[in-house]
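Our numbering puts the first residue of the sequence shown at 2, with every later residue one more than the last.
Just so you know, even glycine gets a beta-carbon here, dropped at the ideal spot from N, CA and C.
Because the structure is a prediction, the values reported are computed rather than measured.
Accompanying notes for the structure given below.
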Amino acid sequence: MFRKWLLISATFLFTASVFAAKDKNSIQIKGSDTMVNLGQAWAEKYMEKNTAEFIAVTGGGSGTGLSSLISGTCDIAMSSRNIKEKEIALAKQKGINPSEIKVALDGLAVVVNPGNPISKLTLAQLAGIFTGRITNWKEIGGKDEKIVLLSREVNSGTHVYFKEHVLRKNDPNSKEEFAPSALMLSSSQAIADEVAGNPAAVGYYGMGYVSKKQKPLAIAKDENSEYEAPTIENVVNGKYPISRPLFFYTNGAPESLVKKFVDFTLSKEGQDIVLATDFVPIKHE
């Protein structure tokens with residue numbers, strides 16, 4: 002229900018950007034498709050409290066957001082990766098000083114049916130499963146049963162991240178793809194429901210969707226590393242290998258309305274929204 006509300010709100014936010022583009026009480030946020038629902042949720046709640054101000058949020062990808070910041074066409078760039086050295090150099094040429102702010106963390110749980118005896122996997126085994134090189138659970142110590150692959154659909158930022166980080170091992174030259182047999186589902190809830198009812202299924206989604214009806218697997222970087230469970234603590238401390246920070250980038254330290262909005266996202270209320278949109282809050286002392 003929350004997600005449907007976000008999608009409806011997106012139209013309003015885009016419209017707001019048209020009318021408020023030149024208004025001193027508005028800011029433009031662009032970038033990461035992974036973060037766009039989170040950004041829209043923050044903006045909606047912020048504008049409920051600050052009715053005279055407009056926050057316009059659009060996606061397009063981390064690179065698009067950073068390019069917009071560098072060209073001066075947005076106030077905040079959302080990025081699910083660190084800014085590159087060449088982007089920093091280009092920004093400085095244009096008089097832009099990118100300032101990085103960590104606003105949330107992203108942890109993906111790999112889940113199976115509770116009846117599946119498998120409880121842990123390495124990243125290499127995961128890559129083998131989702132590319133189709135491993136097709137039966139017995140190949141990795143499970144039952145003699147064909148693996149049913151579940152993935153988010155291709156336009157999902159979660160899908161892209163899992164492909165780049167797990168299947169391609171962060172190698173920009175890798176061409177690994179999901180197996181043709183993988184079922185592309187439209188939502189994390191759809192994957193959760195299918196795993197709950199299918200003993201042979203395996204899927205992945207944000208940790209917020211895990212319930213007693215699914216079993217999250219402990220994941221190790223390799224055979225010589227510790228297996229770590231997808232918990233908030235393990236994402237915060239960096240031990241869980243399928244996790245990453247999510248960033249805002251601004252031109253210099255945030256000021257005025259930009260600072261006010263950034264402060265909201267980092268507040269308890271803002272970080273509660275992080276949880277509600279299936280991400281992980283950053284650690285506060």
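Query: Quick check: the stretch 250–264 against the stretch 120–128, are at least 3 beta-carbon pairs closer than 8 Å?; Result: no
Query: Given a cut-off of 8 Å on the beta-carbon distance, is the pair valine 111 and leucine 276 in contact?; Result: no
Query: What is the residue span of the beta strand (DSSP E) that isoleucine 135 lies within?; Result: That residue, isoleucine 135, is in no beta strand (DSSP E); it is neither H nor E in DSSP.
Query: Report the option in Phe249, Pro242, Asn26 whose CA atom is closest to the CA atom of methionine 48.; Result: Asn26
Query: For arginine 153, does the count of other Cβ atoms within 10 angstroms reach 16, so buried, or fall short, so exposed?; Result: buried
Query: Using DSSP's beta-bridge definition, name the partner residues of alanine 128.; Result: Alanine 128 pairs with nothing; no bridge assigned.
Query: Counting Cβ pairs closer than 8 Å, one from the stretch 193–203 and one from the stretch 158–171, do we hit at least three?; Result: no
Query: Taking only runs of the beta strand (DSSP E) that begin and end inside the stretch 31–119, which ones reach a length of at least 3 residues, in chain order?; Result: 55–61, 77–80, 99–113
Query: Would the beta-carbon of threonine 132 fall within 8 Å of that of leucine 168?; Result: yes
Query: Below 8 Å on the Cβ atoms is my guess for alanine 105 versus isoleucine 283; work out the distance and round it to an integer in Å.; Result: 6 Å
Query: Given a cut-off of 8 Å, decide if leucine 127 and proline 99 are closer than it, judged by their beta-carbon atoms.; Result: no
Query: Given this structure, state the Cα-to-Cα distance separating aspartate 145 from isoleucine 130, to the nearest angstrom.; Result: 15 Å
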